[in-house]
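Following the working numbering from start to finish, the sequence shown increments by one per residue and tops out at 252. Structure first, then comments.
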Amino acid sequence: MKPFLGLLLGGALLASCSGPKTDATAVNVQTLNQQFIGAWNAKNTAALDTLLADDVQYAQGETRFNGKSEVSDKWVRATMGTISDLKTYTTSTGAGDNIAYEAGTFSTDVLPETPGQPHGEGEGNFILLWKKQKNNNWKLSYVQLEGLPVKVR
């Protein structure tokens, strides 16, 4: 019985010494999102295009866009001039070898459609999902926004 107890105790000791594996290859998703937000706030559509995966998907309510060309044209370029000062507030994040995400809330200034109208405030929830590509670059693969009605400032 004593040898068995010694083996059990030794096994428990070894198991407690081996902590969780840390993934040295996991990406910093906050850095990826800051690149995206920085390019958006700078209205740099060329930089945004380089961050989008070829098969990127965009979802907001009933609206769905698929593929880099459609997402770039119908979301990025179509809304770029209508908002400014995009900010995100993270509530959940995760990263692995090939996928990373960040989710939370966002806020933005909504610019008036015509001169003389008031500015607005937009806010809502977001998910940005990044995938590692075959060439080891990280690209934005999925965007989901759920906005609340715009408030007049």
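Note that the Cβ used here is the ideal one computed from N, Cα and C, for glycine as well.
Could you name the residues of the same chain whose beta carbon sits closer than 7 Å to that of residue i, not counting the 5 residues immediately before and after it, in chain order?
i	result
V175	T144, L147
K250	G219, E220
K120	Note on K120: pLDDT 44, under 50, position unreliable in the model; no value is reported.
G215	none
What's the C-alpha gap between residue i and residue j?
i	j	result
A158	T213	27 Å
D154	Y200	16 Å
L247	D208	13 Å
S183	N140	6 Å
K233	F135	20 Å
Q133	N127	10 Å
K142	G223	21 Å
T130	S168	24 Å
Who pairs with residue i in a beta bridge, going by DSSP?
i	result
T162	Q159
K230	I198, K238
N224	T204, E245
L151	L239
Less than 6 Å between C-beta atoms, sequence neighbours within five positions excluded: which residues of the same chain meet that for residue i?
i	result
Q156	N165, Y241
T189	E201, G203
K173	F164
Q225	One detail in the question is off: residue 225 reads as Phe in this sequence, not Gln. Contacts found: F205, L244.
Any idea what DSSP makes of residue i, helix, strand or coil?
i	result
N127	coil
K173	helix
K250	strand
K142	coil
G180	helix
Given residue i, which residues of its chain have a CB within under 8 Å of its CB, disregarding the five upstream and five downstream residues?
i	result
V170	L151, V155, Q156, Y157, F164, V242
A125	A194, G195, D196, A199
Ranges of the beta strand (DSSP E) found wholly within the region 182–221, counting only runs of at least 3: Fully enclosed beta strand (DSSP E) runs of 3 or longer: 182–194, 198–209.
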